[in-house]
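Worksheet: the structure to be examined is printed underneath.
There are 2 protein chains.
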Amino acid sequence: MALRRTVSVAGIGKTKFGAFADRDLRSLAVEAGNKALADSGIGPDDIQAFYLGNFAGPEFTTQNHLAPYISTALGMTGIPSTRFEAACASSGAAFFHAFLAVAAGIYDTVMVLGVEKMTCQPVPRVTEILCGAGDCGAGGEMAAGSTFPSLFAMIARRHMHEYGTLREHLAAVAVKNHANGFLNPDAQLRKLITLEQALNGRPIADPLNLYDCSLVSDGAAAVVLRASDLCGPDAVQVLGAAQASDYVALDQKRTITTFPAVQEAAFRAYSMAGVGPGDIDFAEIHDCFTIAEIVATEDLGFVEPGRGGFAVFDGETSRDGRLPVNASGGLKSKGHPVGATGVAQVCDVVRQIRGTAGDMQLAKHGIGLAQNLGGSGASCVVTILGQSGRGEGRVL
Amino acid sequence: MALRRTVSVAGIGKTKFGAFADRDLRSLAVEAGNKALADSGIGPDDIQAFYLGNFAGPEFTTQNHLAPYISTALGMTGIPSTRFEAACASSGAAFFHAFLAVAAGIYDTVMVLGVEKMTCQPVPRVTEILCGAGDCGAGGEMAAGSTFPSLFAMIARRHMHEYGTLREHLAAVAVKNHANGFLNPDAQLRKLITLEQALNGRPIADPLNLYDCSLVSDGAAAVVLRASDLCGPDAVQVLGAAQASDYVALDQKRTITTFPAVQEAAFRAYSMAGVGPGDIDFAEIHDCFTIAEIVATEDLGFVEPGRGGFAVFDGETSRDGRLPVNASGGLKSKGHPVGATGVAQVCDVVRQIRGTAGDMQLAKHGIGLAQNLGGSGASCVVTILGQSGRGEGRVL
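Protein chains in written order, with our numbering: chain A, 1 to 396; chain B, 397 to 792.
Written out as C-alpha cells, the structure reads:
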C-alpha cells in the first residue's frame, strides 16, 4: 500500500550513556526529549503523539505506564502516549510505527523516545531481566539454564563450524568498535584495546569473553519526526523502514547462523528506499555481542554469507574501510541501554549524514542504515536514512 | 488529517476470564487469537501486522518480548509484531494504533490481541505490580503508601464531597454489574448480590469495600481488523477511536473527580464518528472500581457532572435503562485481566451489535461505545462501533 509522503528527522537528542547512580529513568528521558525538541526548533505543543521505546522499565525500576509518565514531564498532555516493547528493538519498533503514522498522514509531527535505566539492579538481576527476551516457558531455553551470552555463544560456535569464522574475527569486532567509541565523547567505555586483549578477556560463555559482550547502561535518545514538507530542505529523510519478527526460542529456528527477521526487514527497507546494500555508505549495527555484528553484516547483504568475520578482520568495516560499521562505537563501546538503542542508532546515523559527527565523522556519509535487533533475532527493525528522498514509498 | 477508509471488525475471540492454574499466558493468547481468526474466516497468513496489548507480563510471568512469542505460536512469522503498553489501557492502545494503520491504508488486515496472566502471583505481589501504573518515583504517591484501591477511594471521597454522591450509589454499580455478569457465561464471578451485601463488603480502602473492586484475572481477547471493503456488509465498523493521556500521579491533577484524558478521547472519538453521547445505545465502561464507572459516565457525557451516582442508582444504566452500561458484567463481574480488558470490551460491544450476545443481548444495540482506562486516568482509549459507517474519518 502506497504511503502518502516522505518523513524527515527534524531533531535528535541523546544523553551520555553510562552508569549514572544519581539519575533516574525519567530524568534521562526528559533530557533526551528536550534536546530533540531544541534541535528541531519546535515546542512540546507541536507534538501530536508520543512513541516510547522501553524494554523492561518496570522490572529495572518498578515504574510502569512509562509513556504518559515521561510525556507529561516533557510538557505534553492530552496526546496519544504509548510504550512500545520488542525486547532490545523496543525503540526501533516505536520509531517504525511513528514513521508509518507520519508517512500515512495520520500525524504531521511526533516524538519517538527510547530509554532504559539498568544499572540500578545488580548484575545477576540484570541478566535475569534480559532473559525475559528469550523463551522463559516450561521446557524453554531459559528454563534450561541459558542466558543471552550463552545463546550467542552457540550462534558463534555454529558460525565458526559452518564458515570457518575464527576467534580472531570476533575479537576484531571488539577492537574496531572500541577504537571507534574512543572518538565518541558520549560513549560509556572509551578505551582502546588490542587484538591480544580482546582475545584474552575474562571467559563469559565460550567462545565469548568479556570483550565480546555489550555493556549494561543507563541512557536515553529521542527524535522528532515530521512530514518532510514541514522541514527544511537539508533535513535527513527516512528513505525506508521496516520491522519483522521470527520465533523467540533459538531452538525453534531452522538455522542459527542467519536471522530471517533481519533479512526480511532489510529486504522491505531496501525496497521502500529503492536502494540496495551497495548503496549504503555506513551502518550502525546491533552488536549486542561481537558475533551479532558479523551475522548482521551478512543478513543485511553487505557481505556474502559466512564472510562477515573475514570482512571485519580485513578492515572492510573499519572507519576507513569500504563500509564503516558502528562508527559510534556500537553497543560494545557506546553502551546499550536496551530500550534506547534503536533510536540512539538513528541519532548517530543522522549526525553522520548531517556532517556533524565531530571526531567520528566519516568521509562518505550520504546514506546510512541502522539495524536494531530484539532477543536472539525474533524482532528486527531496519531504517535507512539519507539527505534526499529516493524511496518508492511502498510498505511491503 | 483525513483517513482513507473505514475499518471493520472482521472477527472476535475471547477466552473465559478467571483463575486458571493450568493455563499459561501464551495458551490463553493463542486460544483467543485462533478464535478471532476462525470467526473472521481468514488464516494467519492473511495477518499483516500483530498488535499485542499487555501491561505486565514480564513481572507476572517473567516472559517479556511477548509479541513475537505469541504471534509465532499463532502461525504468523515475519510480520511486524509489537507489544503496546498503556497500563490497564494497553490493549485499547494496541487497538487504537491498529485501527489507525488500517484506516490510513498502511495495512489491510491486522490482529489486535490483549492478554494478562495475573493469578500466578500472590495477591500482595499483584497489588505491587499494579502500583507500577501509578507514580512510583521518589516522593510519589506509591512511595507514600498508596495502592490503586486507595487512590480510587480518594476519588470516591472527593466525588461524595463535591456532588453528594452516596455510598449507596457505589453499591448500585456493583449490584448492577453483578446482575449483568450473572447472564455472561464467560464471566469470572457469576453471583447476584443485594444492595445490602454490596454495602457491607469487607473494607478495602474507605469508602471502597470488596464489592467496589474489580477482580484479579487471567484471560485474553482478540479481534481481526480489516478495511471495510474487504468485509461483508454486515461487519461491525469502527466509527471512531481515540487515545489520550494525562499526568500519572493523582496529586498532579487539577481535579480528581473528572479525568481530562477520558473527556479528550471521548471528544475525539465522537467527532470522528460524527455522533454525540445521545446517539450511543449502550457502553462498556472501565469499572476497575465502582467510582470509576460513575466518573466515566460523566466524562463521556452520558450524564451531567456529578449525576453519575444518581443515574446508576435510579436504574438509568441498567440493562433495561436509558443507556445500559456494562451489560457484560464489566470488570467487576466479568473479570479484569488488565492487558486483555480493552480488546475484550470491543468484543463485547461487537457481539451486542451483531445481536449474538445471548442472554446478555440488549434491545437497543445499534451503536456501542467502549472506554478503556489506564492508571488513575493517565491513559484512555474510547472506541465507538456500529453497523454502518457514519464517521467523518478525521483524526483530531
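Built from N, CA and C at the ideal position, the CB exists for glycine as well.
Residue i to residue j, Cα distance in whole Å?
i: H159(A); j: L421(B); result: 34 Å
i: A98(A); j: A497(B); result: 11 Å
i: V403(B); j: N200(A); result: 58 Å
i: C131(A); j: H336(A); result: 15 Å
i: D625(B); j: G437(B); result: 15 Å
i: V619(B); j: K431(B); result: 9 Å
i: G366(A); j: Q243(A); result: 23 Å
i: I408(B); j: L433(B); result: 8 Å
i: G339(A); j: A417(B); result: 32 Å
i: L113(A); j: R521(B); result: 30 Å
i: P454(B); j: E59(A); result: 8 Å
i: V382(A); j: E264(A); result: 9 Å
i: D279(A); j: N184(A); result: 25 Å
i: G389(A); j: L239(A); result: In this predicted model, G389(A) has a pLDDT of only 49, less than 50, meaning its place in the structure is not dependable enough to derive any value.
i: A235(A); j: N177(A); result: 28 Å
i: D683(B); j: D442(B); result: 35 Å
i: G817(B); j: P720(B); result: Because chain B in this structure spans residues 397 to 792, residue 817(B) falls outside the shown range and cannot be described.
i: L799(B); j: E524(B); result: There is no way to answer for residue 799(B), as the model of chain B reaches only from 397 to 792.
i: G105(A); j: A570(B); result: 43 Å
i: P440(B); j: Y447(B); result: 14 Å
i: V691(B); j: G771(B); result: 14 Å
i: F55(A); j: A86(A); result: 7 Å
Indicate whether residue i and residue j have their beta-carbon atoms separated by less than 7 Å.
i: A220(A); j: T478(B); result: no
i: F685(B); j: L758(B); result: no
i: V110(A); j: A29(A); result: no
i: V343(A); j: S27(A); result: no
i: F578(B); j: L591(B); result: no
i: G88(A); j: P149(A); result: With the sequence shown as reference, residue 88(A) is identified as Cys, and Gly is not the correct amino acid for it. Against a cut-off of 7 Å, the Cβ pair of P149(A) and C88(A) comes out as no contact.
i: Q584(B); j: L604(B); result: no
i: H65(A); j: A463(B); result: no
i: A172(A); j: V312(A); result: yes
i: C380(A); j: L373(A); result: yes
i: D744(B); j: S724(B); result: yes
i: L696(B); j: A662(B); result: yes
i: A156(A); j: I256(A); result: no
i: I79(A); j: Q48(A); result: yes
i: G449(B); j: F492(B); result: no
i: G429(B); j: L399(B); result: no
i: A774(B); j: D642(B); result: yes
i: A153(A); j: A205(A); result: yes
i: A269(A); j: A227(A); result: no
Quickly, what does DSSP pair residue i with across the bridge? List them, please.
i: L448(B); result: R479(B) and L509(B)
i: V325(A); result: A283(A)
i: D429(A); result: Here chain A comprises residues numbered 1 to 396, so residue 429(A) is not present and cannot be evaluated.
i: G13(A); result: A222(A)
i: G782(B); result: Q633(B) and I763(B)
i: L208(A); result: A205(A)
i: F289(A); result: C213(A)
i: S404(B); result: R622(B) and Q633(B)
Could you tell me which chain A residues have their CB closer than 9 Å to the CB of residue i, listed as they occur along the chain?
i: R419(B); result: Chain A residues near R419(B): none, gap ~12 Å exceeds 9 Å.
i: R479(B); result: R83, F84, E85, A86, S90 and A93
i: Q639(B); result: A49, I79, P80, S81 and T82
i: F799(B); result: Outside the displayed span of chain B (397 to 792) sits residue 799(B), for which this structure offers no information.
Along chain A, which residues have their Cβ under 8 Å away from the Cβ of residue i?
i: R422(B); result: G137
i: A570(B); result: Going along chain A, no residue has its Cβ under 8 Å from A570(B), so there is no contact; the nearest lies around 26 Å.
List the residues of chain B whose Cβ lies closer than 8 Å to the Cβ of residue i, in chain order.
i: D246(A); result: P464, T468, T473 and G474
i: A370(A); result: The premise fails here: A370(A) is roughly 16 Å from chain B at the closest Cβ pair, so nothing lies under 8 Å.
i: A378(A); result: H461, P464, Y465 and T468
i: F310(A); result: Within chain B, no residue comes near F310(A); the closest Cβ sits about 29 Å away, beyond 8 Å.
Listing by chain order, which chain A residues have their CB less than 7 Å from the CB of residue i?
i: E660(B); result: G78
i: E455(B); result: P58 and E59
i: L496(B); result: A101 and I106
i: F548(B); result: Residues of chain A passing the Cβ test: none, with the nearest at roughly 15 Å.
Kindly list, in the order they appear in chain B, the residues whose Cβ is closer than 7 Å to that of residue i.
i: A221(A); result: Within chain B, no residue comes near A221(A); the closest Cβ sits about 19 Å away, beyond 7 Å.
i: T62(A); result: G528 and C532
Please list the partners that residue i has in chain B, where partner means a Cβ-to-Cβ separation under 9 Å.
i: G374(A); result: H461 and P464
#### Entry: Inside the stretch 332 to 383 of chain A only - alpha helix (DSSP H) runs reaching at least 4 residues
Within the stretch 332 to 383 of chain A, the complete alpha helix (DSSP H) runs of at least 4 residues are 338 to 354.
### Message
Please give me, in chain order, every unbroken run of the alpha helix (DSSP H) with length at least 4 that falls completely inside the stretch 119 to 145 of chain A.
### Response
Complete alpha helix (DSSP H) runs here, min 4: 123 to 131.
### Query
Fully enclosed by the stretch 217 to 277 of chain A, which alpha helix (DSSP H) runs are 4 residues long or longer?
Counting only runs of 4 or more residues that sit fully inside the stretch 217 to 277 of chain A, the alpha helix (DSSP H) segments are 260 to 273, in chain order.
### Query
In chain order, which alpha helix (DSSP H) runs of at least 4 residues are fully inside the stretch 296 to 326 of chain A?
Within the stretch 296 to 326 of chain A, the alpha helix (DSSP H) runs of at least 4 residues that lie entirely inside it are, in chain order, 308 to 313.
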